[in-house]
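Colleague: The sequence shown lines up with residues 1 to 468 when you count with the UniProt record's numbering. Questions regarding the structure given below will be posed in turn.
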Amino acid sequence: MEVVDDSWTLVLHLTNSAVGVGILALPFCFAKCGFLLGTVVLLFCAHVTKVSCRLVMASCRSTKSLGFQGSARMTIGSFGCLIIEILNACFLFGSMVAFLNVAGNLSLSLIFDHWDVRSKDGISFFYVVAVFIFATFIALPLSLYATVRLLGQLSFIAFGAYALLVVHLAATALPTLKSSDGITLALWRPEGVLFVLPIFSGALLMQPQLSVVVDDVQRHGSSLLDAVGLALGVCCCLYFCVAFFGYVSYQDRVQGDILLSLEKGRSAWLIRFAFLVSLAVSYPLMLFPCRLAILGALEQLSVLSLPETLPFSGKHSRPPVTCWGVTTFAIVFLSALLAVVSPNVEFILGLCGSLAGSAIGYILPALVYLCAYDAQDWYRRFEATLCLIYGLSMMLVSTIVVFELEIPQAGMLISSSDNSATTTINAPAPVDDAATSATTFTFAREAINATLSLIRSNSSGRPNENGL
1 MEVVDDSWTL VLHLTNSAVG VGILALPFCF AKCGFLLGTV VLLFCAHVTK
51 VSCRLVMASC RSTKSLGFQG SARMTIGSFG CLIIEILNAC FLFGSMVAFL
101 NVAGNLSLSL IFDHWDVRSK DGISFFYVVA VFIFATFIAL PLSLYATVRL
151 LGQLSFIAFG AYALLVVHLA ATALPTLKSS DGITLALWRP EGVLFVLPIF
201 SGALLMQPQL SVVVDDVQRH GSSLLDAVGL ALGVCCCLYF CVAFFGYVSY
251 QDRVQGDILL SLEKGRSAWL IRFAFLVSLA VSYPLMLFPC RLAILGALEQ
301 LSVLSLPETL PFSGKHSRPP VTCWGVTTFA IVFLSALLAV VSPNVEFILG
351 LCGSLAGSAI GYILPALVYL CAYDAQDWYR RFEATLCLIY GLSMMLVSTI
401 VVFELEIPQA GMLISSSDNS ATTTINAPAP VDDAATSATT FTFAREAINA
451 TLSLIRSNSS GRPNENGL
C-alpha cells in the first residue's frame, strides 16, 4: 500500500478520513444539546483527540516502534496488540456501516422526489437493493483496485461536497437569521450531552488512519502532530458551519441525517449526488486500515500466517491475493448487511463512538503511553491519566444512553412541547420550572443510576443483565 509524505496531502487524507458521514448528524447533535453547549463539546473533543494523537506519537518515539501496534506490542504484549487490532477493525467497520446506510438513503432520494426509507411493515425492499448495488458495483471495485494516492486525488470531490452543503445550508439559514422572527434556538441542553459526545468524538477520531497515511510515525515526529492539529482545525470549522447553519435552517425539525431534511430542488439534488460520490471515495479509505487490522488480528490468533504486511511491521506490501480479496469481500458485504438492519445513522455513530471509538481513541493510547514512559514526565502522564478517565467514562455512560434513548426510525428529532432548555431569540416563551427540572436531569439521573447498578453488580461478582 502506498503512503503519504507531503504534509498538505497528509492533512487532506486525515481530514477526509475523519469527516465521513459524522458531519451529517451534527445539526441533529446541536439540536439535542444546544448551540452553545454543542460548540463547547466540539472544541473539547478536538482537544482530547489531539492529546491522544500526541500520546500515540510519544509512545512510538519511546519504544522506537514504527506504529501504534508495535508500541502496544512492546509495552502491553501480544495481547495488547491483538486488542488494538480488533477495536480498530470494529470502529472502522462501524463507520463503513454508517457510510452504506447513508448511501442507501441518498440513492433513493436521487431517484424519487420523496422517499421514506422504511415502510410501515419493515425494511423497504428498494432500500435493501440500493445498499447492495452501491456496495457491489461501487464500493467493492474501489476497495479492491484503488490506491491511496488515487483516492487522495479524488478526495477533492469529497471536499467539494462538503463545501456545497455548507453553502446551501448558509443560503437557507441567512433569510431566517435576517428576519429573526420565530427563530427558536436551544443554547444549553445538558441532558443531550451524553448522547452526542460519542458522535462528536468519533467524528474527530484520526488515530486509526495514522498507520495508513504515513509510513513511519516515529520518523515524521512533530510534522505529523502539526498536520493532525491542522486537520482538526479544518474539521472543527467545517463541523461548526454545517451544524450551525443546519440547526438554524430546520431548528428542532432537523433529522439525524441532514440530507433528508433538505427541501426539493436542483441544489439539494446536486448536494446529494456529490455526497454519494464522496461516500464512494471515502469508503475505501476506511476499508484499507480495517482490512489490515483484521488480517493482523487473524495473524495474532495464529489463524493466518502472513508476511510482514501489517502496520506494526512498518511495511505495506500486500498479503496473498486470495486472502486480500476474500477479506475485502467479507468486509463489504457484512457492512452492507448491517447497514440494512441498522435503525439510522445517528444510532450507528453513537454506538460505534461510545464503544470502539472510546477504546481505540482514548483508553488504549493512554494505557500504552503510561506503560511506555517513565515517571519523570509528570505532565504528559497527567494528560494520559485524564484521557484514560475520559475514555472509560464515555464508554460506560454514553453506551447506556445510546441504547436507552428513543430515536425515531427515520431519524426525526423527537418534538416536545417543553421549551425549558430553549432560548428563543427576540421571542421569549414562558417556561415551566417543574418541566425544566424533569427534562434537564433525566439523562443524568438515569446514567448515574445505571452506573451505580453496574458498580454494585461488579463488586458482588455477578454480571448484570447487559453482561458488562
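Where a beta carbon is used, it is the ideal one built from N, C-alpha and C, also for glycine. Source: prediction; values computed, not measured.
Taking 8 Å as the limit between beta carbons, can you name the residues of its chain near V402, skipping five residues before and five after?
Modeller: Within the same chain, V402 has close Cβ partners F195, P198, F347, G350, L351, S354.
Colleague: Check N419 in the structure and name its three-state DSSP category.
Modeller: Low confidence applies to N419: its pLDDT is 38, below 50, so where it sits in the model is not reliable, and the reading given next is rough at best. In the structure shown, N419 sits in coil (DSSP, three-state: anything other than H, G, I, E or B).
Colleague: Quick check: A18 and A203, are their CB atoms within less than 8 Å of each other?
Modeller: The answer is yes: Cβ separation under 8 Å.
Colleague: Between the alpha carbons of F91 and F79, how many angstroms are there, rounded?
Modeller: Cα to Cα, the separation comes out at about 18 Å.
Colleague: Could you tell me which of V40, L26, C53 sits nearest to A231, measuring between CA atoms?
Modeller: Answer by Cα proximity: C53.
Colleague: Could you work out which residue in L150, V102, F156, L142 is closest to A130 when comparing CA atoms only?
Modeller: Nearest of L150, V102, F156, L142 to A130, Cα basis: V102.
Colleague: Using only alpha-carbon positions, find the residue among F93, L364, L169, A170 that is nearest to M57.
Modeller: Checking every option, the nearest Cα to that of M57 belongs to L364.
Colleague: How is G77 classed by DSSP in three states: helix, strand or coil?
Modeller: Correct three-state label for G77: coil.
Colleague: Quick check on DSSP: helix, strand or coil for L10?
Modeller: Note: L10 maps to helix in three-state DSSP.
Colleague: Work out the CA separation of I258 and L238 for me, nearest whole Å.
Modeller: About 14 Å.
Colleague: Whole angstroms is fine: what's the gap from V48's alpha carbon to F99's?
Modeller: Taking the straight line joining both Cα atoms gives about 25 Å.
Colleague: Helix, strand or coil for R189? Go by DSSP, reduced to three states.
Modeller: Reduced to three states, the DSSP call for R189 is coil.
Colleague: Please classify I407: does DSSP put it in a helix, a strand, or coil?
Modeller: Only weak support is given to the placement of I407: the predicted model assigns it a pLDDT of 49, under 50, and the question is left unresolved by the model.
Colleague: Check whether the region 328 to 338 touches the region 28 to 36, taking contact to mean three or more Cβ pairs, one atom from each stretch, closer than 8 Å.
Modeller: Counting Cβ pairs under 8 Å, fewer than three are found: no touch.
Colleague: Is there contact here, the region 70 to 78 with the region 237 to 255, by at least three beta-carbon pairs under 8 Å?
Modeller: No, they do not touch.
Colleague: Can you tell me whether S223 is helix, strand or coil according to DSSP?
Modeller: The answer is helix: DSSP assigns S223 an H, G or I state.
Colleague: Tell me the rounded alpha-carbon separation between A359 and K264.
Modeller: Looking at the two C-alpha atoms, the distance is approximately 40 Å.
Colleague: S143 and residue 508 - do their beta-carbons sit closer together than 8 Å?
Modeller: Only positions 1 to 468 of the chain appear in this structure, which leaves residue 508 out of reach.
Colleague: Please report the straight-line C-alpha distance between A268 and G325, rounded to a whole angstrom.
Modeller: About 37 Å.
Colleague: Please classify R253: is it buried, with 16 or more other beta-carbons within 10 angstroms of its beta-carbon, or exposed?
Modeller: By the 10 Å Cβ count, R253 comes out exposed.
Colleague: Determine the contact status of M394 and S95, defining contact as a CB-CB distance below 8 Å.
Modeller: Contact flag unset, no.
Colleague: Taking the alpha helix (DSSP H) that Y145 belongs to, which residues open and close that run?
Modeller: Per DSSP, Y145 belongs to the alpha helix (DSSP H) from 140 to 145.
Colleague: Leaving out the 5 sequence neighbours to the left and right, which residues in its chain are closer than 6 Å to T75 when beta-carbon positions are compared?
Modeller: V368, C371, A372, listed in sequence order.
Colleague: Taking 8 Å as the threshold, find out whether the region 288 to 300 comes into contact with the region 82 to 90 through three or more Cβ pairs.
Modeller: Flag = yes, the region 288 to 300 and the region 82 to 90 touch.
Colleague: Does the distance from the C-beta atom of P190 to that of L37 stay below 8 Å?
Modeller: Result yes, Cβ atoms of P190 and L37 sit closer than 8 Å.
Colleague: Which value, in whole angstroms, describes the spacing of the CA atoms of G229 and K50?
Modeller: If you take the alpha carbons of G229 and K50, they lie about 7 Å apart.
Colleague: Taking A293 as part of the alpha helix (DSSP H), name the residues at either end of that continuous run.
Modeller: Taken as a continuous stretch (DSSP letters only), the alpha helix (DSSP H) holding A293 covers 266 to 300.
Colleague: Below 7 Å CB to CB, which residues in the same chain sit around A173 once its five sequence neighbours on both sides are set aside?
Modeller: Contacts found: F245, V248, S249.
Colleague: Mind checking whether A227 and V11 have CB atoms under 8 Å apart?
Modeller: Yes, the Cβ-Cβ distance between A227 and V11 is below 8 Å.
Colleague: Please confirm whether N16 and S282 have their CB atoms less than 8 Å apart.
Modeller: Against a cut-off of 8 Å, the Cβ pair of S282 and N16 comes out as a contact.
Colleague: Report the rounded CA-to-CA distance for I271 versus L262, giving the unit in angstroms.
Modeller: Distance between the alpha carbons of I271 and L262 is about 9 Å.
Colleague: Check each candidate in W8, Y127, A280, I111 and name the one with the smallest Cα separation from R266.
Modeller: Closest option to R266, Cα to Cα, is I111.
Colleague: May I have the straight-line CA-CA distance separating W378 from G361, to the nearest angstrom?
Modeller: Near 21 Å, if we compare the C-alpha coordinates of G361 and W378.
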